[in-house]
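Using my numbering, the letters of the sequence shown map in sequence onto residues 948 to 1548.
We put the CB at the ideal spot given by N, CA and C, even for glycine.
Below is one structure; the comments refer to it alone.
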Amino acid sequence: MKDYNKLLQARVDKKFNNVLIATTVVASIASVILFVADLPIIYGVLNLMTALIMFVFSIIADKIPTSYKIIGMIFVTSVISIASYVGGAFTSAFITLLALSNVIAVLFLRRKQSIFISFASIGLMLSLCAYSVITNGNEDLLDPVLTWGLQIVAYILFVVVLQISVYATKRYLMENIEALENAVSHSEKLAYFDQLTGLPNANKFEKDVVLRIENQKRNGFIVLVNLKSLRSINSTLGQDFGDQALKSSAEIIDSLKLRNTIVARVSSSEFAIWVDHINEAGLQLMISDMMKKIKEKSFDVKKKLEFYVSYADFVYGTDSFVSCLQKATLTLAYVKDHNILEHTGYKEDMDLELRRKELLKDLVVIALENREFTLHYQEKYDLRTNQVIGVEALARWHHKELGYVSPIEFIPIIESLNMSKAFGECVIEQTCKDYKMLKMKYNNDITISVNISPSHIIDESIVETILDTLKVYGVPYQKYIVEITEDIMIEGIDKVIPIVNALRKMKVKISLDDFGTGYSSLNYLTQLSLDELKIDKSFVDQIGSNNGIEYLLENIIRLSKQFELDLIAEGVETIDQLHALDDLGCYHIQGYYYSKPEALY
948 MKDYNKLLQA
958 RVDKKFNNVL
968 IATTVVASIA
978 SVILFVADLP
988 IIYGVLNLMT
998 ALIMFVFSII
1008 ADKIPTSYKI
1018 IGMIFVTSVI
1028 SIASYVGGAF
1038 TSAFITLLAL
1048 SNVIAVLFLR
1058 RKQSIFISFA
1068 SIGLMLSLCA
1078 YSVITNGNED
1088 LLDPVLTWGL
1098 QIVAYILFVV
1108 VLQISVYATK
1118 RYLMENIEAL
1128 ENAVSHSEKL
1138 AYFDQLTGLP
1148 NANKFEKDVV
1158 LRIENQKRNG
1168 FIVLVNLKSL
1178 RSINSTLGQD
1188 FGDQALKSSA
1198 EIIDSLKLRN
1208 TIVARVSSSE
1218 FAIWVDHINE
1228 AGLQLMISDM
1238 MKKIKEKSFD
1248 VKKKLEFYVS
1258 YADFVYGTDS
1268 FVSCLQKATL
1278 TLAYVKDHNI
1288 LEHTGYKEDM
1298 DLELRRKELL
1308 KDLVVIALEN
1318 REFTLHYQEK
1328 YDLRTNQVIG
1338 VEALARWHHK
1348 ELGYVSPIEF
1358 IPIIESLNMS
1368 KAFGECVIEQ
1378 TCKDYKMLKM
1388 KYNNDITISV
1398 NISPSHIIDE
1408 SIVETILDTL
1418 KVYGVPYQKY
1428 IVEITEDIMI
1438 EGIDKVIPIV
1448 NALRKMKVKI
1458 SLDDFGTGYS
1468 SLNYLTQLSL
1478 DELKIDKSFV
1488 DQIGSNNGIE
1498 YLLENIIRLS
1508 KQFELDLIAE
1518 GVETIDQLHA
1528 LDDLGCYHIQ
1538 GYYYSKPEAL
1548 Y
């Protein structure tokens, strides 16, 4: 257990000067009383000298250790008690003052010191007993011996009880103080440290960086490192792997903890680093080395970890911690939006772009309420018959002031605003409304594909929404294709399977879009009941430039045949791509080579 006596002494030390002054006054009054009582002058002089000593102590109190002050006060009370007894007029005061000296010793001195004082006071009692017996003369000795014997026994009992009770009380208090300190320490750990990695959290990071800035008054950088797709990692590989990835990354980042760095985990997937005593070129080298070490570390899994890294410079006297962190955070938002996997520093034009994004958030809400989004349809061709076999509905938005706004901009905003369900329901309804006109434009066998967002496809009401809307507008279930992407893994495959099965039971077709872009594509073929695969444009773009791409496409085509799935290559833009796919046996084509998305009316 900690020794808290110093703590107690420090607490009383601030007020002890008042105690010294009070002791001086008491000693002065006692000396006056002794003089007036016509007792031997030596007693009054002794008390007066004691008062003067305490007065001097009070003047130089700040230079005297607390323990010396306490011992001095005990000395005063003891002297006064002796004088009061020897003087013969203050026997009760003698016992009281002697007891007071013990109380002071036990309360404020260390236990060994207080026990010594207690034994000394008992010895004083015995000495005074002997003095009393000797000065008793020829009188009967029985009375003073009995009287003193009772007083000594009572005093010893008082001292023992005082020592035991005060020590027990002290110990109880100290245990509670220690428990409280442990609780405070634990609370502080919860408040300032991340439980998974052991790194400081956002609160501690700010506190430490602000202190560093105030002390060193120099420029620096704030670096943010964000683990990409943590939710997807947790969903597909399990949270244990996600936690291990974070802990391993934290160890490497924390290994940079030199005198010029402060490292923290500031959110579930994000780390922050403060760096000073470095220029921007040195910072970039440090970040590159750090990311190389993280990526090289083996996590014994199939998925390669990717990170977004942003940084912003701090200029002392111009920036604040908050403004610098805002710049780094803004930069991180920018690199996430653009999927930039290289470390990126803050630039002012990023702010303009993100301001536009904030503006679009407000406008998207209004556009959805006012049904400003329209649908364009892109044709799907069969190379064998050279006929259109279906169309895919693609949302478009033309704002009266901003002009054409790309889906690359507004679709992520709709997702971030949790409006995917409302948007998806509008698209479903509009495609069903357009079905009759699409039949008139193409043929009765035309199919309509609509892309459903991951957050919408897991909504249980989507089955009823699709089936009811198809029924209202007379669209055959088998002519409607719901396209889903591998991002559904973020939401959880277990939630998607029953919804997909319910739709397929009613003959609605299910297509897996962007097939092959994720490591788990093959896993889908065994878990999901599908009708169609769509080869991602990124594979088609590599035809003619990547010797291995045709081998990969051959295997995808072979898989589609083995699982009896329709196969469509999207993003076909050149005649060479078209011929290569035809030679490989992929006959369904979608892309700019044949048609761009066009409005129906």
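Quick one, are the C-beta atoms of residue i and residue j less than 8 Å apart?
i	j	result
A1516	L1528	yes
Y1540	R1331	no
I1405	K1442	yes
V1410	I1375	no
A1052	I1064	yes
I1200	V1222	no
L1174	F1268	no
G1350	I1395	no
T1432	D1460	yes
A1275	Y1258	yes
E1479	L1512	yes
D1523	I1496	no
T1144	K1194	yes
R1318	C1373	yes
P1354	A1340	no
F1462	D1483	yes
L1109	V1050	yes
V1311	L1364	yes
C1379	V1422	yes
A1211	K1154	no
L1307	I1360	yes
I1413	V1455	yes
S1507	K1481	no
P1544	Y1324	yes
N1123	V1213	no
I1111	M1072	no
V1429	I1399	yes
F1320	W1344	yes
May I ask which residues mark the beginning and end of the alpha helix (DSSP H) holding residue i?
i	result
E1305	1295-1316
Y1498	1496-1509
R1451	1440-1452
R1343	Looking at the DSSP string, R1343 is not in any alpha helix (DSSP H); the run it does join, the beta strand (DSSP E), is 1334-1346.
Quick one: what's residue i bridged to in DSSP?
i	result
T1265	The partner list for T1265 (beta bridge, DSSP) is empty, contrary to what the question assumes.
T1521	Beta-bridge pairing links T1521 to no other residue.
H1535	D1329, I1515
D1260	F1168
Y1255	N1173
G1145	None; G1145 has no bridge partner.
A1546	H1323
F1140	P1147
T1291	S1257
Let's see if you can read the secondary structure: which residues bound the beta strand (DSSP E) around residue i?
i	result
D1513	1513-1517
S1458	1456-1462
L1614	A query on residue 1614 cannot be resolved here, the shown segment of the chain reaching from 948 to 1548 and no further.
K1481	1479-1482
Y1351	1350-1352
Tell me whether residue i, by its Cβ, gets closer than 7 Å to a heavy atom of the ligand HEM.
i	result
K1380	Looking at this structure, you won't find the ligand HEM or any other ligand, since it has none at all.
Taking Cβ positions only, does residue i come closer than 8 Å to chain C?
i	result
Y1498	The structure shown has no chain C; it contains just one protein chain.
Examine the Cβ distances between the segment 1499-1518 and the segment 1296-1306 and report whether three or more of them are shorter than 8 Å. When Cβ pairs closer than 8 Å are counted between the two stretches, the segment 1499-1518 is seen not to touch the segment 1296-1306, the count staying below three.
Give, in chain order, every unbroken run of the alpha helix (DSSP H) that is at least 4 residues long and sits entirely within the segment 1197-1249. With a minimum length of 4 residues, the continuous alpha helix (DSSP H) runs that stay inside the segment 1197-1249 are 1227-1243.
With a threshold of 8 Å, are at least 3 pairs of Cβ atoms found where one atom belongs to the segment 1233-1243 and the other to the segment 1176-1191? By the Cβ rule, the segment 1233-1243 does not count as touching the segment 1176-1191, because fewer than three pairs are nearer than 8 Å.
What ranges does the beta strand (DSSP E) occupy inside the segment 1361-1441, keeping only unbroken runs of at least 3 residues that lie completely in it? Every beta strand (DSSP E) of 3 residues or more that sits fully in the segment 1361-1441 is shown, in chain order, as 1394-1398, 1427-1431.
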